[in-house]
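The structure under discussion appears below in the form of C-alpha cells.
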Amino acid sequence: MPLQRRLGLVDATVIGVGSMLGAGVFAVFAPAVDVAGAGVVVAILLAGLVALANATSTAQLAAQYPTSGGAYFYGRERLGPAWGFVAGWGFVVGKTASCAAMALTFGYYVVPDTPRVGAAFAVVLIVAVNLRGISRTAQVTRVLVAVTATVLLAVVAFGAGAPAAPGSAVAELWAGVADAGVLGVLQGAGLMFFAFAGYARVATLGEEVRDPRRTIPRAVVTALVLVVVLYLVIAVVALRALGVEALAASAAPLADVVAAAGGPVWLVVVGASTGCLGALLGLVAGVGRTGLAMAREGDLPRWFAAVDPRFGVPHRTETALGAVLVVLVLTLDLREVVSVSSFLVLTYYAVANSAALTQHAEHRRYPRWLAVLGLVGCVGLALTLPGTAVAAGFAVLALGLGGRALARRRTPTV
C-alpha cells in the first residue's frame, strides 16, 4: 500500500527545521567548543557549508525519486544495492542513536532526578503521535517548533544583554581560533554536524509530499539556511556571555547564558523539552520511512514493509523502533552516541553525494561541484572525528554488510 501525499511546502519546511532544533542546539555546543574553542563559529560555518552541499544533492535526488528511503533508495538506484544498504544501515543505526540522545536530553532537562524514565516516556509519547499519521506529526511539530524558536530567540536576547565574560573580546576570541588549529575546527564541525543532520528529513518523506519536485528542494534549503543563521547567532552570544572555558565546561550552555543575564532559566527548560520532542518526531518518522524502504527491498525483514491502512504510516517499523529506543535510553550515555551518530550520518550523505554525481543533466538542479564539495566534506569530517567514534562507525557498517551478505547467501532472492 503506498503512502499518501499530504505535506505542503510549509509543513515540509517545519519538519526539516523541527528535526534540527533538538538536542543538538541544547547539548552539542559544549563538546564542540571543547575541541574547537572560539573556532566553533568557523566550525558551524563549515558544518553548515557541508550540510548545504549535502542538501542540494539530496533535494536534487528527491526531486527525481520522490519516494521513501532517502539516500538508501538513491544509492540503490544510482550506485547499486550494496551502496544503498550502506546508506540505509548507517542512517537507521545512526539516527536511532540520535533519537536516544534527544530523548535523553529531554529527560535530563525535564525530570533531572529520573532522566531515563523521562526519556522512555518521551519515546512512547512520540511514537504514539507518529502512529496517528504524517499530518498529525506535522501539526504537532509545527507547535513544538514555534515554541522552541521563540525560546531560542529569547536566549539570544538575554545573551546579548548579559555582561561580557572575561576573554570574550573579539581579538581574544580570534586568537582562540588560531589556538584550536585546523584539526580542532574540523572536529568541532564534525560534532556540530550532529545539530544540522535533520535538514534533509523531508527527503525521507518524499512519498508523502505534494508536488515533490518543487516542494522538496525548496523545503530542504529553506530549513537549513534558517537554522544555520540561528546557530551562528547563538554561538556568538554564548561566547560573549560565558567565554570559551565556561561554555566548554557547561552541561547546559543555553541555560547558563540566560542565567548570566539574570533571566528565567525555566524558559530554557521549556525550549529544550519542545525542541527535543520536535526533533524526535521528525527522526522517528524519517527512520520509520527508511526502514520501510529497506524492508520493501529485503534489506530488513519484509515483515516491516507494512503500512497501516487507516493512518498510512509504517506502523510495524515505528513500533519496533520505539521498543529499541526504550531499551537504549534506559542503558545508554548521552555523550557516547553523538560522535558515532555523526560518523554514520556523514556516511549516509557521502553516498547521497556520490549518487548525485551520477545524475544526468536533465535532472541536475545545482552545479556539479556542490556534490563534489559535499562528498569531500562528509569524508573529511567523518575521518577527523575522535578515533573511537570512527572505529565504532566502521564496525557498525561492517556488521551490517556482513549480516546482509549472510542473508543473501541463505536467501538468494533477498
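Going by this note's numbering, the residue at position 285 of the sequence shown is 273; the numbering climbs one at a time, nothing skipped. Just so you know, even glycine gets a beta-carbon here, dropped at the ideal spot from N, CA and C.
Residue i: buried (16+ other C-beta within 10 angstroms of its C-beta) or exposed?
| i | result |
| --- | --- |
| residue 171 | exposed |
| residue 387 | exposed |
| residue 173 | buried |
| residue 84 | buried |
| residue 338 | buried |
| residue 373 | buried |
| residue 101 | exposed |
| residue 254 | exposed |
| residue 263 | buried |
| residue 375 | exposed |
| residue 215 | buried |
| residue 197 | buried |
Could you check the C-alpha separation between residue i and residue j for me, to the nearest Å?
| i | j | result |
| --- | --- | --- |
| residue 34 | residue 297 | 43 angstroms |
| residue 290 | residue 308 | 13 angstroms |
| residue 371 | residue 40 | 19 angstroms |
| residue 137 | residue -2 | 15 angstroms |
| residue 252 | residue 29 | 26 angstroms |
| residue 257 | residue 37 | 30 angstroms |
| residue 15 | residue 200 | 33 angstroms |
| residue 395 | residue 389 | 10 angstroms |
| residue 167 | residue 117 | 47 angstroms |
| residue 207 | residue 130 | 14 angstroms |
| residue 368 | residue 183 | 17 angstroms |
| residue 229 | residue 54 | 45 angstroms |
| residue 205 | residue 213 | 12 angstroms |
| residue 132 | residue 139 | 11 angstroms |
| residue 272 | residue 356 | 32 angstroms |
| residue 2 | residue 209 | 12 angstroms |
| residue 382 | residue 148 | 42 angstroms |
| residue 365 | residue 343 | 15 angstroms |
| residue 0 | residue 274 | 12 angstroms |
| residue 86 | residue 111 | 12 angstroms |
| residue 283 | residue 61 | 12 angstroms |
| residue 59 | residue 320 | 27 angstroms |
| residue 243 | residue 82 | 27 angstroms |
| residue 223 | residue 384 | 32 angstroms |
| residue 134 | residue -7 | 24 angstroms |
| residue 341 | residue 47 | 11 angstroms |
| residue 348 | residue 310 | 39 angstroms |
Nearest chain B C-beta to residue i closer than 8 angstroms, yes or no?
| i | result |
| --- | --- |
| residue 182 | In the structure shown, chain B cannot be found, because there is only a single protein chain. |
Going by the CB atoms, is the gap between residue j and residue i shorter than 8 angstroms?
| i | j | result |
| --- | --- | --- |
| residue 269 | residue 114 | yes |
| residue 89 | residue 326 | yes |
| residue 152 | residue 31 | no |
| residue 267 | residue 9 | yes |
| residue 144 | residue 225 | yes |
| residue 211 | residue 63 | no |
| residue 335 | residue 66 | no |
| residue 20 | residue 179 | yes |
| residue 27 | residue 203 | no |
| residue 333 | residue 78 | yes |
| residue 248 | residue 150 | yes |
Keeping to the same chain, check which residues put their C-beta closer than 8 angstroms to that of residue i; ignore five residues upstream and five downstream.
| i | result |
| --- | --- |
| residue 379 | none |
| residue 119 | 296, 299, 301, 303, 306, 307 |
| residue 377 | 327, 328, 330, 331 |
| residue 401 | Annotation note: pLDDT 48 at residue 401 (below 50); position unreliable, no value reported. |
| residue 261 | 94, 97, 98 |
| residue 221 | 144 |
Among residues of its own chain, excluding the 5 on either side of residue i, which ones have a beta-carbon nearer than 6 angstroms to its beta-carbon?
| i | result |
| --- | --- |
| residue 73 | 287, 392 |
| residue 96 | 103 |
| residue 42 | 337, 362 |
| residue 44 | 354, 358 |
| residue 24 | 31, 168, 172, 173, 176 |
| residue 106 | 95, 98, 99 |
| residue 294 | 304 |
| residue 351 | 52 |
Helix, strand or coil: which one does DSSP assign to residue i?
| i | result |
| --- | --- |
| residue -5 | strand |
| residue 253 | coil |
| residue 99 | coil |
| residue 425 | Lying before the first or after the last residue shown, residue 425 is absent from the chain, which here runs from -11 to 402. |
| residue 402 | Model confidence at residue 402 stands at a pLDDT of 43, short of 50, so the residue's coordinates are unreliable; what they give is reported in the following sentence. Of the three classes helix, strand and coil, the one that applies to residue 402 here is coil, per DSSP. |
| residue 16 | coil |
| residue 301 | coil |
| residue 197 | strand |
| residue 154 | coil |
| residue 233 | helix |
| residue 296 | coil |
| residue 238 | coil |
Cutting at 7 angstroms between CB atoms, please list the residues of its own chain near residue i, excluding the five before and the five after it.
| i | result |
| --- | --- |
| residue 108 | 314, 317, 318 |
| residue 154 | 231 |
| residue 235 | 17, 18, 21, 226, 227, 241 |
| residue 218 | 140 |
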